[in-house]
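Working notes for the structure below.
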Amino acid sequence: MIAALALAAGIVVGLVFRPTVPIWLEPYLPIAVVAALDAVFGGVRARLDGIFDAKVFVVSFISNVVVAALIVFMGDKLGVGAQLSTAVVVVLGIRIFGNAAAIRRHVFRA
Amino acid sequence: MASKNEDGTTPPDVGTAEVTSRPVRRPRLAQRYRAAALIGVLTAALGFAIAVQVRANSQSDSLSNLREDDLIGILDNQNARGDRLRQQIAELEQTLRRLEGSGDRNAAAKQQAEQDAAALGVLLGTLPATGPGVAVTITDPDHKLTAEDLLDVVEELRGAGAEAIQFGPVRISTSTAFTTVGDAVAVDGTVLSAPYRVFAIADPKTLDTALNIPGGVAAATRAAGGDLVVDQQDTVTITAIRALPSPKYASPAPH
Chain A
1 MIAALALAAG IVVGLVFRPT VPIWLEPYLP IAVVAALDAV FGGVRARLDG
51 IFDAKVFVVS FISNVVVAAL IVFMGDKLGV GAQLSTAVVV VLGIRIFGNA
101 AAIRRHVFRA
Chain B
1001 MASKNEDGTT PPDVGTAEVT SRPVRRPRLA QRYRAAALIG VLTAALGFAI
1051 AVQVRANSQS DSLSNLREDD LIGILDNQNA RGDRLRQQIA ELEQTLRRLE
1101 GSGDRNAAAK QQAEQDAAAL GVLLGTLPAT GPGVAVTITD PDHKLTAEDL
1151 LDVVEELRGA GAEAIQFGPV RISTSTAFTT VGDAVAVDGT VLSAPYRVFA
1201 IADPKTLDTA LNIPGGVAAA TRAAGGDLVV DQQDTVTITA IRALPSPKYA
1251 SPAPH
């Protein structure tokens, strides 16, 4: 509940204040967002499974974001930034889909 | 967002880091609040980031999302395009200079031609003329002056360098003829009667000297019982003009 409200509040704040993305953050922000979304979907699924742990959620959220950004950073340094970003997005996308499927089974019983 | 203390078994095909398998101890109330606050902050940050990213993605130009390699390619393309355009500019500027140069030459040639035409018009008698000269009055009470005498006046003026001459109402040119009509004199078919008024443009002193030379036209006129008075003027204006002669048989020979 708090998470949903905070998410909505964050979106509203972002829309209202219209900040610009700093240049150094530009390549990492999309990946970080996807990684955080993965963590959120995992958290929702764990909640529905009844095994949610706040500490695990917080740690996984932060580590997801940091690791995703690090991978993109490394890829940029190695000259395979585009490919590695795609790889990260694909993997995270698969995980999000898996979690979404589990959530769906919980919600719709199907 | 309280955590439920379930049995903690790992469900199959979980595969997510968030799903923990260890038994969860019931946290204290303060800890639960802290966790909730932390989760709220994190999800709020996520929402904020989503909004920012979506906005940046939709508003920014396509370049900001491209990677270094693509940008280098685009930059190379732009540089090549810029070089091409600069080359075009140089070529066009050269053309412009060439056209301007030829325009200047054309204008100069036109001006020269106009000056030539004006000078020729004055000499041919097709244009009015003005300048220093003399106004000559010839009286002939006895009607003794013949066409030859009057022609002598014109010849004397020509000899003294007159550039434009008007005899009575007639502009004198190269083809002017003095003829005798009855006991009067006609210039180019226009019958004149004394006193005759003659205007000539050249150095006034030279013209005066030429007309009054001993044994010259002035003396001849006085011998015939008339008189010839020369009036030197700073500005003589000759308004009589002739039609431009159009050669019927002669045409300019190629150089």
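Protein chains in written order, with my numbering: chain A, 1 to 110; chain B, 1001 to 1255.
Every residue, glycine too, gets a C-beta built ideally from N, C-alpha and C.
Among the residues facing chain B, threonine 86/A is not included, as its CB has no counterpart in that chain under 9 Å away. Arginine 1197/B is bridged by DSSP to Thr1137/B. Of all residues in the stretch 22-41 of chain A, those with a C-beta nearer than 9 Å to a C-beta of chain B are Ile23, Glu26, Pro27, Leu29, Pro30, Ala32, Val33, Ala36, Leu37, Asp38, Ala39, Val40 and Phe41, reading in chain order. Only residues of its own chain outside the window of five on either side were considered, and among them Phe1178, Thr1179, Thr1180 and Val1185 have a CB closer than 7 Å to the CB of alanine 1147/B, listed in chain order. For the 9 Å CB-CB criterion, proline 1132/B and isoleucine 1201/B form a contact. At a Cβ-Cβ threshold of 9 Å, alanine 1056/B and glycine 10/A do not count as neighbours. Taking C-beta atoms under 8 Å as the contact rule, arginine 1197/B and alanine 1240/B fail to qualify, at a distance of about 11 Å.
In this structure, the beta-carbon distance from alanine 1253/B to aspartate 1142/B does not fall below 9 Å. Your pair leucine 1145/B and glycine 1168/B does not check out as a contact, with CB atoms roughly 13 Å apart and the cut at 8 Å.
The DSSP assignment places complete beta strand (DSSP E) segments of no fewer than 3 residues inside the stretch 1196-1252 of chain B at 1196-1201 and 1227-1238, in order along the chain. Nearest Cα to leucine 1207/B within the set Ser1173/B, Val1230/B and Thr1190/B: Val1230/B.
The C-alpha of glycine 98/A lies about 10 Å from the C-alpha of arginine 45/A. Note on alanine 54/A: 16 or more other CB atoms within 10 angstroms of its CB, so buried under the neighbour-count rule. Per DSSP, leucine 25/A lies in no beta strand (DSSP E) and is assigned neither H nor E. Taking 9 Å as the cut-off, the beta carbon of valine 40/A is found closer than this to the beta carbon of leucine 7/A. For glycine 93/A, not one C-beta of chain B is nearer than 9 Å to its own C-beta. One finds Gly1047, Phe1048, Ile1050 and Ala1051 in chain B with Cβ atoms closer than 8 Å to the Cβ of isoleucine 11/A, taken in chain order.
Cβ contact annotation for aspartate 1183/B (same chain, cutoff 8 Å, sequence separation greater than five): His1143, in chain order.
Excluding five sequence positions before and after alanine 36/A, the CB atoms of its chain that fall closer than 8 Å to its own CB belong to Phe61, Asn64 and Val65, given in chain order.
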